[in-house]
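Following: one structure in C-alpha cells, then a few remarks.
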Amino acid sequence: MSKILMITTGGTLASSHGDNGLEPGLHGDDILDKIAGLTVGFDVDKEELFMLDSSNMQPENWSELAQKIYDVRKRYDGIVIIHGTDTLAYTASALSFALQGIEIPVVLTGSQVSIENPIADATENCRAALHMAASGCPGVFVAFNRKIMMGTRASKVRSRSFDAFESINYPYAARINSNGLEVNGAIRRPSNQRCILRKKFCTDVYLLKLFPGISPDIFKHLKMMGIKGVYIEAFGIGGLPFKGRNLSEAIGQAVEEGMIVAVGSQCTYEGSDFSVYEVGRQVLAHGVIETGNMTTEAAVTKLMWVLGQYEDPIEIENMMNMNLLGEMGASVDWYIG
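Note that the numbering used here has the sequence shown beginning at 18, numbered continuously upward.
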C-alpha cells in the first residue's frame with residue numbers, strides 16, 4: 018500500500034462561499050472526507066501548510082513548501098499538493114527547480130469548482146494525483162482532467178473549463194484512461210538521483226509583455242526599482258522594435274549595466290527563434306538569453322531561481338541556457354548537482 022502525504026494550501030478545491038465570494042475554507046479532513054472512496058488502497062496522511070487563494074501565493078511560500086517536501090520525502094512514496102489553479106503552474110515550475118533530483122513523485126492538483134459542488138472536477142483530479150503519486154516516477158508533476166504534465170511544462174490555458182491545463186511544447190507525462198494510469202516512459206528519470214534542496218528565489222524579477230508603442234524608458238524605471246532580471250514576451254517567433262521607439266537599444270543598455278534579460282515568445286506554442294528576423298537578431302546582439310520553447314511560468318521561475326543561486330553573469334547565463342528539467346528543447350540534460 019502506497020503511503021501518500023496530501024499537503025493542502027487552499028485554492029478553489031478547498032473553497033466555500035464567504036461574505037466576499039469564494040474563499041479557501043476547507044481543511045484536509047474535509048477534503049479527505051469528500052474523496053474517501055478514492056483513498057482505498059492508499060495510506061494517506063494530511064498536512065495543512067497554507068490556506069490561500071493561489072493569487073496570494075508568494076515565492077516565500079514556494080520556499081516553505083519546498084522545505085516541507087524535502088524534510089518528509091523519505092517517509093512517503095509520493096506527495097499530493099492541493100493548490101489553487103491560477104498560479105499552480107508557477108508553483109509547479111518553482112518546486113521543480115528547488116527540488117531537483119527529488120526521489121519521489123510530487124503531484125500538484127486543484128479544481129475549477131469547489132469540492133463541495135456535486136459536479137466538481139475535484140474528485141477526478143484528486144484521483145489522478147493520487148495514482149501518479151503512487152507511480153514510483155520521481156519528479157514534480159501537475160494532474161488535471163485525467164492528464165499528467167511535467168511541472169515545468171504545465172500552463173493554465175482556460176479560465177473556466179475543466180480542461181484548464183495543457184502540457185506546452187512537450188508530451189504528457191501520463192494519462193488516465195480505461196487502462197488506468199499510463200506513464201510516458203520517456204519522462205522517467207534516473208533511479209539513482211539524489212534530491213538537492215535549493216529553495217532561494219530572487220523576487221527582483223519582472224515579466225514584460227510587449228505591445229506596439231511600448232516605451233524604451235521602461236528599462237530606466239526597472240533599473241530604478243532594483244530589478245535584476247527581466248523576462249520579455251516578444252512578438253511572434255522573436256521580434257522587438259529597433260525603429261521608432263528603439264526597445265532593442267534600451268535592452269542593450271540595461272544588459273551593459275548588469276541586468277539579466279531573457280527573451281521568449283508571446284505565443285503559447287512552438288517557441289521562439291530570434292535568429293530568423295532582423296528584429297530578433299538585433300536584440301540577440303545585445304547579449305540577451307533566449308528561452309526557446311519554455312512556458313512563461315517556467316521562464317520566470319527559472320530566472321528567479323537562477324538569480325537566487327548565482328551572482329556571476331556567466332554562471333547565470335550558463336544555467337539559463339541549460340536544460341535542467343525538460344523545461345526547454347526536446348531532451349533533458351538531467352542536471353541535479
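Cβ atoms here follow ideal geometry from the backbone N, Cα and C, with glycine treated the same way.
When DSSP reads this structure, His34 sits in a beta bridge with Leu39. Val300 sits in a helix when the DSSP states are folded into three classes. Shown here for Ser292: same chain residues with a beta carbon closer than 8 Å to its own, the five before and five after excluded, namely Gly255, Arg298 and Leu301 in chain order.
Taking a cut-off of 8 Å on C-beta distances, the region 118 to 127 touches the region 87 to 101, as three or more cross pairs fall below it. Straight-line spacing of the CA atoms in Val280 and Met311 works out to 10 Å.
Take the alpha-carbon of Gln75 and the one of Ala109: they are about 13 Å apart. Cβ contact annotation for Ile249 (same chain, cutoff 6 Å, sequence separation greater than five): Leu225 and Val280, in chain order. If you look at Ile249, you'll find it in the beta strand (DSSP E) that goes Gly246 to Ala251. Per the coordinates, the alpha-carbon of Glu120 lies some 19 Å from the alpha-carbon of Leu198.
DSSP places Lys164 in the uninterrupted beta strand (DSSP E) bounded by Lys164 to Met167. Counting only the Cα atoms, Glu314 lies some 12 Å from Gln283. In this structure the region 29 to 37 touches the region 131 to 142; the number of beta carbon pairs closer than 8 Å is three or more. In this structure, Leu239 sits away from Tyr87, with a CB-CB distance that is not shorter than 9 Å.
Judged by DSSP in its simplified three-state form, Gln117 adopts strand. In summary, Lys91 is exposed, with fewer than 16 beta-carbon neighbours lying within 10 Å of its beta-carbon over all protein chains present.
Around the CB of Phe228, fewer than 16 other CB atoms lie within 10 Å, so the residue is classed as exposed.
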